[in-house]
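First comes the structure, then the notes that go with it.
Protein chains: 2
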Amino acid sequence: MKQWFRNNKLVLLYGLALALLLFLLRWLEFRFLILDHAFEAYVGAIALVFTGLGIWLAMKLARPKVETIIIEKTIISEAPPFSPNEKSLADAGISKREWEVLALMAKGMSNQEIANQLFVSLNTIKTHSSRIFEKLEASRRTQAISKAKALGILP
Amino acid sequence: MKQWFRNNKLVLLYGLALALLLFLLRWLEFRFLILDHAFEAYVGAIALVFTGLGIWLAMKLARPKVETIIIEKTIISEAPPFSPNEKSLADAGISKREWEVLALMAKGMSNQEIANQLFVSLNTIKTHSSRIFEKLEASRRTQAISKAKALGILP
DNA sequence: CAGGAAATCACCCGAAAGTATGAAGCCATT
DNA sequence: AATGGCTTCATACTTTCGGGTGATTTCCTG
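Protein sequence lines, in the order shown, are assigned to chains A and B.
Quick note on numbering: our numbering labels position 106 of the first sequence as 108, and the sequence is numbered without any gaps.
Quick note on numbering: our numbering labels position 123 of the second sequence as 125, and the sequence is numbered without any gaps.
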């Protein structure tokens with residue numbers, strides 16, 4: 003019910019306005035009956051008012067034409083925020099730890115530096131890197147980095 | 003004159019219809035004067051008719067409302083073809099040949115492979131790479147590649 | 001619980017990479 | 001003609017990297 007009121011507020015208002023006008027006209031009828039041609043003027047006024055109302059209604063109720071404009075914005079992406087690309091990562095079968103090592107390699111760190119950074123021994127890093135090279139079919143760290151970037155594993 | 007008629011045909015028609023209606027009402031006035039509440043019904047009819055006319059007019063004459071929806075489509079373009087970025091290159095003091103070596107390094111090639119590709123000896127490539135490391139303040143090829151990319155020397 | 005993947009570490013060896021130093025030819029600018 | 005930068009090459013030496021093999025621990029899954 004409340005919803006109905008809200009939806010038909012306009013129609014109700016319109017009806018109320020009409021009723022009020024009728025009262026007004028009735029009153030005018032008694033006041034200006036003596037005037038010659040009062041009736042014609044009267045009808046003209048009504049016609050004008052309701053024409054205006056009709057126009058107003060039409061304006062209010064008319065559904066707007068929707069025009070959709072699609073603007074294609076071409077952005078040359080400098081550095082798209084990189085996410086490890088889980089898909090390619092899993093596809094190559096590279097583990098989290100291996101990826102860490104790979105990322106530090108790409109930064110230009112030596113195996114010893116990576117070992118220090120990750121708090122493991124140099125031998126561990128060597129094992130990891132060997133696995134990485136196997137999985138990426140690389141024989142050098144530079145090659146591994148290059149391939150990883152091509153696969154979207156590294157930014 | 004003729005042009006004016008054509009442009010305002012609608013307005014003229016509207017005026018004519020109004021006049022006709024007035025005549026009609028005048029006639030009805032005499033016919034239904036006896037009826038009680040005839041006046042209200044009369045005014046109601048007029049109101050209805052002119053409201054309809056108003057709506058019709060508005061529909062006919064009003065400029066259609068246009069709602070414009072702008073959808074921005076973001077297209078991430080492919081990496082633009084890389085140009086060596088002469089500025090950074092000169093800034094680092096890296097020569098053409100050195101850049102060639104650097105680029106092949108970044109591809110993951112070994113010094114020997116680079117030497118074969120450029121038809122020079124392995125020692126030459128070693129000299130070049132040493133110079134490159136000096137100029138980029140790197141001590142490893144991976145580091146050199148990383149720094150070169152950061153400087154825009156490599157794609 | 002057994003099996004397998006992941007992570008850790010060790011040792012050895014050969015290959016590749018990097019450092020240092022010297023030198024020669026070419027080319028352009030002074 | 002001389003100077004300096006670029007390219008080329010060489011030798012000798014050190015360090016780092018990569019390959020191969022093996023072992024242990026932890027954690028997860030069938």
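Where is the CB? At the ideal position from N, CA and C, for every residue including glycine.
Interface residues of chain B around residue i at Cβ under 7 Å?
i	result
Ser112(A)	Arg142
Lys109(A)	Ser148
Gln145(A)	Gly110
Note down the Cα distance separating residue i from residue j, rounded to an integer number of angstroms.
i	j	result
Ala47(B)	Trp58(B)	16 Å
Ala152(B)	Lys109(A)	10 Å
Asn118(B)	Ser132(B)	18 Å
Phe121(B)	Phe121(A)	43 Å
Ile127(B)	Asn113(B)	6 Å
Ala140(A)	Met111(B)	10 Å
Ala92(A)	Ala92(B)	41 Å
Leu26(A)	Leu26(B)	23 Å
Lys98(B)	Arg142(B)	20 Å
Lys89(A)	Lys89(B)	38 Å
Is the separation between the beta-carbon of residue i and that of residue j shorter than 8 Å?
i	j	result
Glu102(B)	Ile134(B)	no
Thr144(A)	Ile147(B)	yes
Ile96(B)	Met107(B)	no
Leu50(A)	Thr53(B)	no
Can you find the residues in the same chain that come closer than 7 Å, C-beta to C-beta, to residue i, ignoring five residues on each side of it along the sequence?
i	result
Ala94(B)	Lys137, Leu138, Leu153 and Ile155
So, for residue i: in the same chain, excluding its five sequence neighbours on each side, which residues have a beta-carbon less than 6 Å away from its beta-carbon?
i	result
Ala105(B)	none
Ser79(A)	Confidence at Ser79(A) is low in this model, with a pLDDT of 49, below 50, so its placement is unreliable and no value can be given for it.
Lys149(B)	Leu138 and Ala140
CB-CB under 8 Å to residue i, same chain, minus the five flanking residues each way: which ones, in chain order?
i	result
Leu124(B)	Asn113, Gln114 and Ala117
Leu22(B)	none
**OP:** Would you mind listing the beta strand (DSSP E) stretches within the stretch 102-126 of chain A that are 3+ residues and don't spill past its ends, in chain order?
**Re:** You should have found no qualifying run.
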